[in-house]
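In the working numbering, the protein residues as written are 814 to 1430.
Structure follows, in structure tokens:
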């Protein structure tokens, strides 16, 4: 019979890997015994003197370490300093400790750190201290003196009814020492919350450094500490928001976007597009000394948990371009340190001496009013920021003098050049980074923010491809900086079709989405101001009153004609806005129209009146 091997034999079991040393807990860590260097200098000197004495006597002594053999040697050594002569038993004890520790000099150190009282001298106040401690370990963070006052008052009241053996009260110094001897982490959790406590006491690992350019890229927003002025109106317009993208390997700036709109998907998208595309500096009115060669498709984009970075539009666009998005945990900016540090460098090195500089802390402003000193126009700042990035920051070494950003970029580029996008891919990526929305295809095209978009190509699409209730809703991509056209995804054609705005007045040429919304808002306000709300209200109330009056008159009428017959009479009498306004005839003609007992049988002649009129339409 065939023998089968045990597939679970011990020889083939996979050994559990050891826990990396940085994650081993303190109670599981093997400590290296302290050496002589960890003691104060006078204790080290004392231990070395003991060692030299033991070595000297060990060479001189003949026989065992007994009083008979040791006293003669000690008497000779300490003839002139008998007050320093150790007892022979003390010398034997030193030698024994040294031998038992396998020659560790630390065993000869006086154990002064173990001296002193190890137990509490005051007994009976434990319950009151615990109550005071509970009040101290509170999120309101009271002072130690406040907790001590409660402790002291509670014992004083308790001692009022005790004649013999009153509860002792420790001093404030002893109380404070008890507080300081508590484990710091639980105290921090109780007084500052777990998040702060983890910040202060948790293990903080270092980043795995990238090995090439564009392997790890960080993006973030910040309001700049500078007030700028409008280019045309020359009035202060406040602090702009800067969205910045930094390459971690080289430290170079890949792209940025400056805006007065709050951080959003739009600002993130514009900065990403600027970072990926080649930089053209020809449009600037200043001449730079160097080029800005930093661009390309990055591998990992590190973002925080802002709403703008959780956008589906950003996620889809980056996936299409092969860019991986890495989200940082909530409220942990230290995991994205490079761009955070760069913001501080901008405020300290670039904005420090600029007129109009503000302060992040309002208390630091004192009597300085930055809005009065602001002199730099927005366009000038954009140009000078280019100069600072390209000609200063990229060309200078860091504070530790470990690298020059642009040299590091060139070195990384020569070894492992990043992927580049073709012109077609760049155009496609720009479209994909637009704002995604869903709109219904109608016979007039698409409607977006009160603007209509249609073209001959879209009309041809409607002619050739029938739409259902589900497919009639299309995905559109909108460039927030230019509403002159949109891109519509047509599933049957497998691509995006560019559709222009049908407005012929060039209103949308170079029009941003933000500008359009502001224009609409202002227009609505103008319309509201132009309306006579009081007059409209009076007219509407008059209509309601007239209708009610007519209803009451109709109900009070003794003659209730058939509604269809009355309608025929209104048609015959030509009741209209340009004709007469009643079916009432003159007194001599009323018998022809009004139904009476004698003429009731004649009403049927109006029954087919509409049919007869159709021949004349």
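Each residue gets a CB set at the ideal place from its N, CA and C atoms; glycine is no exception.
- Item | Meets three-Cβ-pair contact criterion under 8 Å: the segment 989 to 1002 and the segment 1088 to 1097 | no
- Query: Taking contact to mean at least 3 C-beta pairs separated by less than 8 Å, is the segment 1315 to 1326 in contact with the segment 1353 to 1360?
  - Reply: no
- Span of the alpha helix (DSSP H), counted from its first residue to its last, around residue 943: 939 to 949
- How should residue 1300 be labelled, buried or exposed, when 16 other C-beta atoms within 10 angstroms of its C-beta is the threshold for buried? buried
- DSSP-derived helix/strand/coil call for residue 1265: strand
- Task: Take residue 847 as the anchor and find which of 903, 919, 1072 has the nearest alpha-carbon.
- Result: 919
- Query: Which stretch, first to last residue, makes up the beta strand (DSSP E) that contains residue 1036?
  - Reply: 1029 to 1036
- Beta-carbon proximity list for residue 945, same chain, < 6 Å, skipping 5 on both sides: 960, 963, 964
- Query: Which first and last residues belong to the alpha helix (DSSP H) in which residue 1137 is found?
  - Reply: First-last for residue 1137: 1137 to 1140, but that is the beta strand (DSSP E), not the alpha helix (DSSP H).
- C-alpha distance - residue 1286 paired with residue 1070, whole-angstrom precision: 32 Å
- Message: Which of the three DSSP states is assigned to residue 1111 in this structure?
- Response: coil
- Item | Span of the alpha helix (DSSP H), counted from its first residue to its last, around residue 1087 | 1078 to 1089
- Of the residues 1278, 1236, 1297, which one's Cα is nearest the Cα of residue 1264? 1297
- Task: Using DSSP bridges, identify the partner residues of residue 905.
- Result: The partner list for residue 905 (beta bridge, DSSP) is empty, contrary to what the question assumes.
- Message: I believe residue 1221 touches residue 1063 by the beta-carbon criterion, under 8 Å. Please report the beta-carbon distance rounded to the nearest angstrom.
- Response: 4 Å
- Secondary structure of residue 965, DSSP reduced to three states: helix
- Within 10 angstroms of its Cβ, does residue 1346 collect 16 or more other Cβ (buried), or is it exposed? exposed
- Member of 973, 979, 911 whose CA lies at the smallest distance from the CA of residue 938: 979
- Message: Runs of 3 residues minimum, wholly inside the segment 1221 to 1291: which ones carry the beta strand (DSSP E) assignment?
- Response: 1248 to 1253, 1259 to 1261, 1264 to 1266
- Which residue comes first and which comes last in the beta strand (DSSP E) that contains residue 1058? 1054 to 1060
- At least three beta-carbon pairs within less than 8 Å, the segment 1273 to 1292 to the segment 1238 to 1251: yes
- Task: Could you check the C-alpha separation between residue 1195 and residue 1352 for me, to the nearest Å?
- Result: 56 Å
- Query: From residue 977 to residue 936, what does the alpha carbon distance come to, in whole angstroms?
  - Reply: 15 Å
- Determine the direct distance from the alpha carbon of residue 1043 to that of residue 1050, and round the result to whole angstroms. 6 Å
- Query: Just the Cα atoms here: how many angstroms apart are residue 1252 and residue 1129?
  - Reply: 18 Å
- Query: Measuring CA to CA, which of 1100, 1094, 958, 1055 is closest to residue 1081?
  - Reply: 1055
- Message: If contact is defined by three or more beta carbon pairs under 8 Å, each pair taking one atom from either stretch, is the segment 1189 to 1204 in contact with the segment 1097 to 1108?
- Response: yes
- Message: On a Cα-Cα basis, can you pick out the residue from 992, 913, 1193 that is closest to residue 1096?
- Response: 1193
- For residue 890 and residue 896, the rounded distance between their alpha carbons: 12 Å
- Query: Three or more beta-carbon pairs under 8 Å between the segment 1328 to 1345 and the segment 1305 to 1314, yes or no?
  - Reply: no
- Looking at C-beta atoms only, is the number of pairs between the segment 945 to 957 and the segment 879 to 887 that lie closer than 8 Å three or more? no
- Looking at the structure shown, is residue 1300 part of a helix, part of a strand, or coil, going by DSSP? strand
- Contacts around residue 1072, its chain only, beta-carbon distance under 7 Å, and the 5 residues preceding and following it disregarded: 1053, 1054, 1080
- Please report how far the alpha carbon of residue 1310 lies from the alpha carbon of residue 1266, in whole angstroms. 12 Å
- Query: Of all the options 1034, 1037, 1191, which has the alpha carbon lying nearest to the alpha carbon of residue 1045?
  - Reply: 1191
- Hey, residue 912 and residue 957 are a contact pair by Cβ (cut 8 Å); roughly how many whole angstroms apart? No, residue 912 and residue 957 are not in contact; Cβ-Cβ is about 49 Å, not under 8 Å.
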